[in-house]
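Working notes, beginning with the structure itself.
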Amino acid sequence: MGGSDGSSGGPSAPTGNAALSDTPPVPPSPSPNPAKPYIPAASIPSIFLVQPKDEDLLDLSRHNWPKWSKKIRRILCLCLGGLLGYVDGHVQCPDASIWPEENNIWLSNDEMVRSFCGHRAEGDDLRLIESASSAYDMWELLRQRHERQDPNAQTLLLLDLLNTRFDSSLPLADQGRDVIEHCERITAMGSLSANSLAVAALLNILGQDFRNVATAFVCELSSSETLTTDRIIRRLESEQQIINGRISSGAAPSQKRKRNKKSAPRRTPRPLPRL
């Protein structure tokens, strides 16, 4: 009868709680450290550090941002250390608390890029470069300054392009490249509006026989107010009234030119003054 209650027959099996308490605890996995950034010390070859010519300096009045920025990017591509990534924002600044050495190298490389760009700029562009906090911020500020100008600046460039003529005494291929570069300057400012295109076309055509009217509008393009086709049309209507008054009092100058057209061949119009 003694074995009927299950109290005999060897030691009893451990309970579930006892089994868990006998299992050694597993230590928590340490949080993974971020991958160590690869930030090599960069350098710019001395061949690129010579004093640039005045026409190679970045200047808003020269409209040379497309050519200048392309050249800077090509040079940075040739430098050791991936310097182009600093102006593009692809090389991020390492955390100084985790990677102090890499952070110092990054700061040195970034300052090198800004100093190199400042070596090839002047005036307000140089001051902008010197005030930028990083190479990426510097590049964005320069791009906005040169590409996002008012429509009048784009119209002036287009008008200047329309007035351009090839000169047989100069290398034709070089002149062709200048025209292409001029077009790049215009498109770098943004989409060309119908108003800007029409204003440039009207002023170019007016310059052939109505230089006084066209020149007055070219001077207005230097102001901050956008020149519109409506203003030009209103001025043309006033000019037409003057011509009508001349016709009523006698032969208009244009009629005299038509009568003398065969004996006096038309001369090539002079370009409008460049501002």
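Residue numbers (UniProt numbering): 1 to 275. All C-beta atoms, glycine included, are put in the ideal place defined by N, C-alpha and C.
Label residue i either buried or exposed according to how many other C-beta atoms from any shown protein chain fall within 10 Å of its C-beta, with 16 as the threshold for buried.
| i | result |
| --- | --- |
| L206 | buried |
| L78 | exposed |
| I242 | exposed |
| L156 | buried |
| A35 | exposed |
| S8 | Any reading at S8 is ruled out, since the residue's pLDDT is 48, under 50, leaving its predicted position unreliable. |
| R185 | buried |
| Q51 | exposed |
| Q154 | buried |
| A132 | buried |
| D174 | exposed |
Where residue i and residue j are concerned, what is the direct C-alpha to C-alpha distance, given to the nearest angstrom?
| i | j | result |
| --- | --- | --- |
| T164 | Y38 | 50 Å |
| D209 | G190 | 32 Å |
| M112 | S43 | 8 Å |
| I75 | Q92 | 20 Å |
| I247 | E237 | 15 Å |
| R62 | D167 | 21 Å |
| N244 | D56 | 51 Å |
| V218 | L162 | 14 Å |
| E130 | Y86 | 16 Å |
| P40 | D178 | 38 Å |
| N103 | L83 | 15 Å |
| R148 | S249 | 50 Å |
| A252 | A216 | Note that A252 has pLDDT 49, beneath the 50 cutoff, so the model's placement of it is unreliable and the number below is only indicative. Between A252 and A216, the C-alpha separation is close to 22 Å. |
| G176 | R211 | 27 Å |
| S97 | L128 | 30 Å |
Nearest to residue i by CA position, among the options, is which residue?
| i | options | result |
| --- | --- | --- |
| A121 | G245, H182, N64 | N64 |
| S46 | S69, K67, L80 | L80 |
| W139 | K36, A35, T215, G89 | G89 |
| S115 | T215, F48, R143, D54 | F48 |
| Q144 | A188, G176, D174 | A188 |
| W68 | H119, Y136, S249 | H119 |
| C117 | S169, W99, L141 | L141 |
| Y136 | S193, E101, P100, R73 | R73 |
Just to confirm, is the Cβ distance from residue i to residue j under 8 Å?
| i | j | result |
| --- | --- | --- |
| E226 | P171 | Looking at the sequence shown, residue 226 is not Glu but Thr. No, they are not a contact pair. |
| D160 | D59 | no |
| N195 | T229 | yes |
| E181 | P94 | no |
| V213 | R235 | yes |
| L158 | L107 | no |
| I232 | L192 | no |
Original post:
Which ranges does the alpha helix (DSSP H) cover as unbroken runs of at least 4 residues, wholly within the stretch 52-114, from first to last along the chain?
Top reply: Counting only runs of 4 or more, we get 65-78, 84-88.
Original post:
Taking the runs of the alpha helix (DSSP H) that are 4 residues or longer, which of them lie wholly in the stretch 105-170?
Top reply: If we require 4 residues or more, the alpha helix (DSSP H) runs fully inside the stretch 105-170 come out as 123-131, 135-147, 151-162.
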